[in-house]
Structure formats: structure tokens, C-alpha cells
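One structure below.
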Amino acid sequence: MSVDAIPRAVTRQIAATHCALLVIGIAVAALLRAVTGGADAAASKPAALVFAAALLVLVRTAGWRAEKWRAVDVAVGIGGAALLLGAWLANGGHLWLLAPQHAADLAVWSLVVTAVAVTEEFALRGALFAALVRWNGVSTAVAVTSVVFALIHVPLYGWQAVPLDCAVGVLLGGLRVLTGGVAAPALAHALTDLVAGWLG
């Protein structure tokens, strides 16, 4: 091993450890949501807020910071949401368990859904994605974040949702690669969840 290879090997090992710690943190946040929400975790607003808060603490502790949003990020995010919603509608849509039951609940529900979507993106396509790129490149980052995205939704929607959630994760990862930041996937994720909930 050359002298130059030693620092690279150490840097890769540090990045791999960082990735593992982030995945563990995301899993703990998902577990907190499942435990807090109990049998109705998918519909529990308090459980969703616990999850979002745990992800935000994880992201801040990891030292990751969101970049400033640009007009192109907003445009790409809206386009991504349109693609996701088009696919959702083409497949007949489905009723979202967290959807508001009364008009008065809409504002609170919208804030909770937005908080969850944005913090998921900060954790997955933000902190974890950046760590995975440092460790093993962009392809690994897209693949791993997509699988983690699907797995954290298993307690809410079951194993049957894994293929769909993986595909959504790949699209959101693609938006991250296309724009170089988390704004577009965060906007696409939040808009998709909001509009699908309103229509569902």
C-alpha cells in the first residue's frame, strides 16, 4: 500500500462509519415513530412529529446543512412531484392513512406531512447521501438511500409497499443528483404527499 493510499483508506473507513451511524440513527427514528404510534403509527400525528424531530436532531448532529434553494431546484421539485403524482393517479391512487378527516384538521395535517417529508429528505438525500458519496460514490448513494427510504416505511405500509417506495426513492435520488442538492427532492416529496393526501 502506498503512502498516498493510507489517507484514502482511512478517509473511506471514516465515511463508511459515518454512513453506518446515520443508517442506525434513521432506523432509531423510525422505531420511535412505530413505538409512539403503536398499532396506528401511520395515522398518528404525534408519532410523525417525534419521527421528524428525531431526524432533525440526527441531521444537525451529523453536521449536515441544507443549501439555499434556487429557482431551478423549485422547478425540478415541482416536475418531480408531477411525475410521482401522475404515476400515483395512473395506478388508481390510494387512501393515505394520515389524511385529514375534517377541513379544520387540514392545516395541522399539512404541517405534519411537510415536516415529515422534508426531514426524511434532509436525513436521506441530505446527510446520508453525502456520506455515501464520500464513501463509495453516487450510484451507491442513490441505491442505499432508496432502500433505506423503503424500509423505514415498512412499519407504516407493510412489505408490499417496498417496491414502490424503492422506485420513489430512486426518483428522489435522481433529483438529488440532477440538482446537486436536497431542495428538489424535498419539495417533490412534500408536494406529492400533500396533494395525494388531499386527493386521497
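Going by our numbering, the residue at position 181 of the sequence shown is 221; the numbering climbs one at a time, nothing skipped.
No residue lacks a Cβ here, since even glycine has one placed at the ideal position from N, Cα and C.
Compare the C-alpha of residue i against each of the options and name the closest.
i: A69; options: V188, V235, A223 and T232; result: V188
i: V194; options: A94, E161 and A79; result: A79
i: V210; options: H229, T57, W199 and L196; result: H229
i: A106; options: R165, A130, Q53 and Q200; result: R165
i: T57; options: A155, T219 and L172; result: L172
i: L218; options: T76, V156 and G119; result: G119
Roughly how many whole angstroms lie between the Cα atoms of residue i and residue j?
i: V63; j: V202; result: 17 angstroms
i: K85; j: V184; result: 27 angstroms
i: F91; j: L98; result: 11 angstroms
i: T180; j: R110; result: 26 angstroms
i: G65; j: L129; result: 33 angstroms
i: V208; j: I192; result: 13 angstroms
i: V112; j: A122; result: 15 angstroms
What three-state label does DSSP hand residue i in the structure shown?
i: E107; result: coil
i: S84; result: coil
Going by other Cβ atoms of all chains shown within 10 Å of its Cβ, with 16 needed for buried, is residue i buried or exposed?
i: A223; result: buried
i: D145; result: exposed
i: L135; result: Reliability fails at L135, whose pLDDT of 48 lies under 50, so the model's placement of it is uncertain and the value that follows must be treated cautiously. When all chains shown are included, L135 counts as exposed.
i: R48; result: exposed
i: L100; result: The question names Leu, but residue 100 in the sequence shown is Arg. Flag for R100 reads exposed.
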